[in-house]
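Q:
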Amino acid sequence: MANNASALKRIRQNEFKSEVNRAHVAGMRTAIKNFRKAVETGEGNAQELFKLAVKEIDSTANKGLIHKNKAARDKSRLSALLAK
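Here it is in structure tokens:
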């Protein structure tokens, strides 16, 4: 356990940031799932959901929560799915 005030503060900050980061990645995954579901069912709003998913992926990559190559790969796969 931490022995001084600054170490305790870092622990609190790390826990908070971890929770925020986890929520952001979860939001990205949800946007991707919603897009995939729309494509599978043939809904008309797939284009809008694609834009939202790409926005979430870019935002997550810019924050450093996922690697930029993973972001590019995910966007490429989603755009290929949309093109079908």
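For the sequence shown, counting from 1, position 67 maps to 64 in our numbering; every step adds exactly one.
Glycine is no exception: its CB is placed at the ideal position from the N, C-alpha and C atoms.
Quick one: grab the DSSP three-state call for A35.
A: Reduced to three states, the DSSP call for A35 is helix.
Q: Could you check if F13 is buried or exposed, using at least 16 other CB atoms within 10 Å of its CB as the buried criterion?
A: That one is exposed.
Q: What did DSSP end up calling H21 once you bin it into helix, strand or coil?
A: If DSSP states are grouped into helix, strand and coil, H21 belongs with the helices.
Q: For the alpha helix (DSSP H) that I54 lies in, which residues bound it at each end?
A: Per DSSP, I54 belongs to the alpha helix (DSSP H) from 43 to 59.
Q: Is DSSP giving E12 helix, strand or coil here?
A: Note: E12 maps to helix in three-state DSSP.
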